[in-house]
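Chemist: In terms of my numbering, the sequence shown is residues 16 to 367.
Ideal Cβ positions, reconstructed from N, Cα and C, are used throughout, including at glycine.
Since we're looking at a predicted model, the values are computed, not measured.
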Amino acid sequence: MTPLILLIALSILIIVHEAGHFVVARRCGVRVERFSIGFGPVLLRWRRGETDYAISAFPLGGYVKMAGEQGDGRTGARWEYGSQPVWRRAGIVLAGPLVNYATGILLFTFLFWAGSPTLMPTIGGVLEGYPAAAAGLRPGDRIVAVAGAPVESWEQVTARIRRQTSGAPVVLLIQREGAEQAITVTPTVRTGTRTAVVGLTPSDEVRIVRAPLPEAAVRGVGRAWDLTVMTGVSLWQMVTGALPLKESLTGPVGIFYITSSAAALGWRYLVQLFAVLSVSLAIFNLLPLPVLDGGHLAFLLIERIRRRPVSLKIQEVATQAGMVFLIGMLLVVTYHDLSRFQLVSRLTGLFK
16 MTPLILLIAL SILIIVHEAG HFVVARRCGV RVERFSIGFG PVLLRWRRGE
66 TDYAISAFPL GGYVKMAGEQ GDGRTGARWE YGSQPVWRRA GIVLAGPLVN
116 YATGILLFTF LFWAGSPTLM PTIGGVLEGY PAAAAGLRPG DRIVAVAGAP
166 VESWEQVTAR IRRQTSGAPV VLLIQREGAE QAITVTPTVR TGTRTAVVGL
216 TPSDEVRIVR APLPEAAVRG VGRAWDLTVM TGVSLWQMVT GALPLKESLT
266 GPVGIFYITS SAAALGWRYL VQLFAVLSVS LAIFNLLPLP VLDGGHLAFL
316 LIERIRRRPV SLKIQEVATQ AGMVFLIGML LVVTYHDLSR FQLVSRLTGL
366 FK
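1) Kindly examine the ligand HEM and report whether one of its heavy atoms sits closer than 7 Å to the Cβ of R238.
2) Assuming contact is defined by CB atoms lying nearer than 8 Å, are R175 and V161 in contact in what I supplied?
3) Cutting at 7 Å between CB atoms, please list the residues of its own chain near R104, excluding the five before and the five after it.
4) If T180 and T210 are in contact, beta carbons under 8 Å, what's the gap, nearest whole angstrom?
5) Just confirm the distance between the C-beta atoms of L152 and L215, as a whole number of angstroms; I'd bet it's less than 8 Å.
6) What span of residues does the alpha helix (DSSP H) with V284 cover, start to end?
7) With three or more beta-carbon pairs closer than 8 Å as the criterion, would you say the stretch 117–134 touches the stretch 302–315?
8) Does S326 pass the burial test, meaning 16 or more other C-beta atoms within 10 Å, or should it be called exposed?
9) In this structure, what does DSSP give as the bridge partners for Y78?
10) Assign I107 to one of two classes, buried (16 or more other C-beta atoms within 10 Å of its C-beta) or exposed (fewer than that).
11) Buried or exposed for L142, please, with buried defined as at least 16 other CB atoms from any protein chain shown within 10 angstroms of its CB.
12) Which same chain residues end up closer than 7 Å to R41 when comparing Cβ atoms and leaving out the 5 residues on each side of it in sequence?
13) Have a look at the DSSP bridge pairing and note the partners of G140.
14) What ranges does the beta strand (DSSP E) occupy inside the stretch 119–170, keeping only unbroken runs of at least 3 residues that lie completely in it?
15) Using C-beta distances below 8 Å, list every residue in its chain close to P373, excluding the 5 sequence neighbours before and after it, in chain order.
16) Quick one, which of A34, E318 and V39 has its alpha-carbon nearest V101's?
17) Go to E230, then tell me how far its alpha helix (DSSP H) extends in each direction, as first and last residue.
18) With DSSP collapsed to three states, give me the class of W102.
19) Need the endpoints of the alpha helix (DSSP H) that F318 sits in, please.
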């Protein structure tokens, strides 16, 4: 069941992404010759208007082919992609990631409105040798406020503590045995990541928390933005070597295992996972690699600065190099996923 769920989810995210390109291209007067979901043998094909639609056997990708997109097919007609000004072409390219990002926000909003599983701000464990233990915090203490700001979930607790990067003492208002008391703790600031820690772990107390629609929308935007910042920080740490590659990226195998776990926990966890995947897909596509939307935007930016397009030869070479890089990354990440989930040892054990 899990492969089918994952396949359907990824197909929907891809369709939404390509539909973003398609709709904006049409709105800009660009003729779309083909709208394809998947790769490999074509299973279903039909034509409507000026566009051929196709669904292929392997729905792990897709593309929109526009008239005049490739240099050798350009005639200079006004309905061609290459005839559009830079800002219109940039809008067409941006549309896919933006629609994915908006989809993630909508899914997060729905979750907050329908009720999302929320880890309560109750301490489950206090790590020895950390500031929390020295300050006298105990398992079972319920954190009510951090630095004067009320908290209603463990996520809010960790977010507010991590921001205390000055190393100054912070006051935690807690409930213990029915009474409130203030405890001052001085966080330890990790070098490299510049995040503050106090040495607390949460309890397993989870509740379904519902929010009114306006509040849910605000929280949905906030959750997507927090995920964006977290992803950006992780990518930067990966590039600078502060965070190992195997701890910063997850490939298809990892996503499959995470989907299995989410499916076992219930539909809310699945929706949350798909919201994260949608936002992550948007961010990933904006990376400045030639084979991705971010690479096309980079070429358009160079064209805007130089006032002439990057040569097709350079674009082709860069795209091929980007494809090789992505395939290499996929293989490395897949290997780390197999190691992380101990599949390598399981497979080798079959032949002993």
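Modeler: Put simply:
1) Ligands in the displayed structure: none, and consequently the ligand HEM is not present.
2) The answer is yes: Cβ separation under 8 Å.
3) Y96 and L315
4) 7 Å
5) At roughly 7 Å, the Cβ-Cβ gap stays under 8 Å, so L152 and L215 are in contact.
6) Residue 284 is actually Tyr in this sequence, not Val. Segment W282 to N300, the alpha helix (DSSP H) holding Y284.
7) no
8) exposed
9) S51
10) Taking all protein chains shown into account, I107 has 16 or more neighbouring C-beta atoms within 10 Å of its C-beta and is therefore buried.
11) exposed
12) V47
13) T216
14) 131–134, 138–141 and 157–161
15) Since the displayed the chain opens at 16 and closes at 367, residue 373 lies outside it and no answer follows.
16) E318
17) L228 to T255
18) If DSSP states are grouped into helix, strand and coil, W102 belongs with the helices.
19) Note that residue 318 is Glu in the sequence shown here, rather than Phe. It spans D308 to R321 - the alpha helix (DSSP H) in which E318 sits, taken as one unbroken run.
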